[in-house]
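**Student:**
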Amino acid sequence: MVSEQAAALHESALVIDSHNDSIVIHMRAGLNLDGGPVREQGAAIVTRFSRYNGAPIQLDFPKMRAAGVNAAFFAVDVTLAKGTHLQYALDGLGFFLREAAHSSEEIVIVRRAADITRAHEEGKLAAVLAIENSDGLDQSIYTLSAFYEIGVRALTVTHSTRSWAADGCEVENGGGLTAFGKRMIAEMNRLGMLVDVSHLNDRGFWETLEHSTMPVMATHSCCRALCGHPRNLTDDQLKALGAAGGVVALTFVPEFIDDAAPTIDGLIDHIEHAIEKAGIDHVALGSDFDGGGTLVEGAMTYPQITELLLQRGLAEDDVRKILGTNHLRILSEVIG
Ligand SMILES: [Zn+2]
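So the sequence shown is numbered by numbering that gives the first Met the number 0: it starts at 0 and just counts up by one.
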């Protein structure tokens with residue numbers, strides 16, 4: 000249960016979450032995004048590489064509606080595909096577009112930042128399409144234009160592994176951006192696609208910040224000063240991201256919050272730390288629902304986070320920034 004103040008604030012706020020793996024989990028589970036059985040079996044690639052593990056679904060359209068989450072980044076993480084990354088991305092995105100079109104909810108596929116505010120005003124849900132791991136481009140810069148036309152507005156440079164663009168944070172003796180990675184970032188800047196630095200190793204992070212002419216975003220990461228996982232950002236990285244107009248979206252993944260005893264309170268600690276280092280205008284939330292563990296049960300827990308932020312003494316306007324207006328600001332700058 001949350002207080003009246005938190006409920007009212009959450010209800011009126013624009014709430015945007017910048018990372019989930021909900022597309023792929025639905026495909027694996029044979030479910031549609033409305034919570035029912037899939038309307039037609041059709042997945043060609045996504046389900047070939049892994050099976051549904053039975054985990055309860057954390058985010059779908061009805062859950063977004065009930066939890067007051069107005070917009071979410073729906074990412075297709077292509078990392079598991081073997082030699083079929085481009086197909087995997089299209090399989091996942093196509094599934095989602097079909098689901099969005101058939102949903103009993105009205106789903107706006109976000110092409111411009113103003114689509115989010117309009118959807119919010121009209122009581123519709125908004126979806127930002129994203130690809131996690133640029134191997135989804137299959138080494139072709141041209142595919143970016145095609146993905147852009149479909150509606151993709153964010154792309155994660157790499158997963159924690161090695162990609163054609165860069166090395167992730169778990170690659171031993173990893174390098175920085177490749178020549179392809181640099182061209183890709185330039186093209187994303189030109190098109191107006193958000194560059195996501197989550198999962199990059201430190202060198203890749205700094206090189207991306209240096210090469211991007213647009214502010215960049217960590218769509219789902221936490222603070223390394225509080226939890227020493229390489230997926231988390233150092234204080235210097237948080238400061239630089241903020242100074243460059245970027246945004247860090249704190250994620251709910253237990254092992255990035257605390258390797259011994261992760262709690263939701265611990266998540267709030269990460270939010271406060273990020274505010275201190277990056278600045279209040281550069282902090283947001285990116286749950287990693289349906290791919291990032293169960294510290295937070297699901298989208299339904301969102302109002303509780305609003306409550307906890309208020310309990311820490313944050314002003315209502317600052318809570319609104321974290322819930323959505325910071326996301327909206329960077330999207331306006333980058334995608335227009
Ligand atoms: Zn991820």
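A virtual CB, placed ideally from N, CA and C, is assigned to each residue, including glycine.
State yes or no: is the C-beta of Ala5 within less than 7 Å of the C-beta of Thr305?
**Tutor:** Yes, the Cβ-Cβ distance between Ala5 and Thr305 is below 7 Å.
**Student:** Which residues have a Cβ closer than 7 Å to any heavy atom of ligand 1, listed in chain order?
**Tutor:** Cβ atoms closer than 7 Å to ligand 1 belong to His18, Asp76, Glu131, Thr155, His158, Ser197, His198, His219, Asp287, Gly290.
**Student:** Excluding the five sequence neighbours on either side, which residues of its own chain have a C-beta within less than 6 Å of the C-beta of Lys181, listed in chain order?
**Tutor:** These residues qualify, in order along the chain: His210.
**Student:** With a CB to CB cut of under 6 Å and the five nearest residues on each side skipped, what residues in its chain are close to Gly312?
**Tutor:** Cβ neighbours of Gly312 beyond the five flanking positions: none.
**Student:** With DSSP as the reference, identify every bridge partner of Gly53, one or two as the case may be.
**Tutor:** Note: Gly53 sits in no beta bridge, so no partner.
**Student:** Counting only the same chain and skipping the five closest in sequence on each side, list residues whose C-beta sits under 7 Å from that of Lys62.
**Tutor:** Around Lys62: Gly297, Ala298, Met299.
**Student:** Any chance you could list the alpha helix (DSSP H) runs of at least 4 consecutive residues sitting entirely within the segment 3-83, in chain order?
**Tutor:** With a minimum length of 4 residues, the continuous alpha helix (DSSP H) runs that stay inside the segment 3-83 are 3-11, 21-28, 60-66.
**Student:** Under three-state DSSP, which class holds Arg161?
**Tutor:** Reduced to three states, the DSSP call for Arg161 is strand.
**Student:** With a cut-off of 8 Å, do at least 3 Cβ pairs link the segment 194-210 to the segment 223-240?
**Tutor:** Yes: at least three Cβ pairs fall under 8 Å.
**Student:** Contact check, Glu186 vs Ile140 under 8 Å by CB: the rounded distance?
**Tutor:** Indeed, because the Cβ distance is near 5 Å, the residues count as touching under 8 Å.
**Student:** Which of the three DSSP states is assigned to Phe95 in this structure?
**Tutor:** Three-state result, Phe95: helix.
**Student:** Just to confirm the assignment, what range does the alpha helix (DSSP H) spanning Glu275 have?
**Tutor:** Here the alpha helix (DSSP H) through Glu275 covers 263-277.
**Student:** Which residue's Cα is closest to the Cα of Gly41: Arg27, Asp33, Ile270?
**Tutor:** Minimum Cα distance to Gly41 is reached at Arg27.
**Student:** Would you report the Cα separation of Leu30 and Glu131, rounded to the nearest angstrom?
**Tutor:** Whole-angstrom Cα-Cα distance: 21 Å.
**Student:** My understanding is that Gly245 touches Pro214, with C-beta atoms under 8 Å, so please give their C-beta distance in whole angstroms.
**Tutor:** Yes, they are in contact, since the Cβ atoms of Gly245 and Pro214 sit about 4 Å apart, within 8 Å.
**Student:** Give me, in chain order, the residues of the same chain whose beta-carbon lies closer than 7 Å to that of Cys226; leave out the 5 immediate sequence neighbours on both sides.
**Tutor:** Excluding sequence neighbours, Cys226 sits near Phe255, Ile256, Asp257, Asp258.
**Student:** Could you pull the DSSP bridge partners for Met299 from this structure?
**Tutor:** Per DSSP, none; premise fails for Met299.
**Student:** Work out the CA separation of Gly67 and Gly150 for me, nearest whole Å.
**Tutor:** Their Cα atoms are separated by approximately 23 Å.
**Student:** Provide the residue span of the alpha helix (DSSP H) that contains Leu190, from first to last.
**Tutor:** Where Leu190 is concerned, the enclosing alpha helix (DSSP H) stretches over 178-190.
**Student:** Going by beta-carbon coordinates alone, are Leu8 and Glu315 separated by less than 7 Å?
**Tutor:** For Leu8 and Glu315, yes; Cβs fall inside 7 Å.
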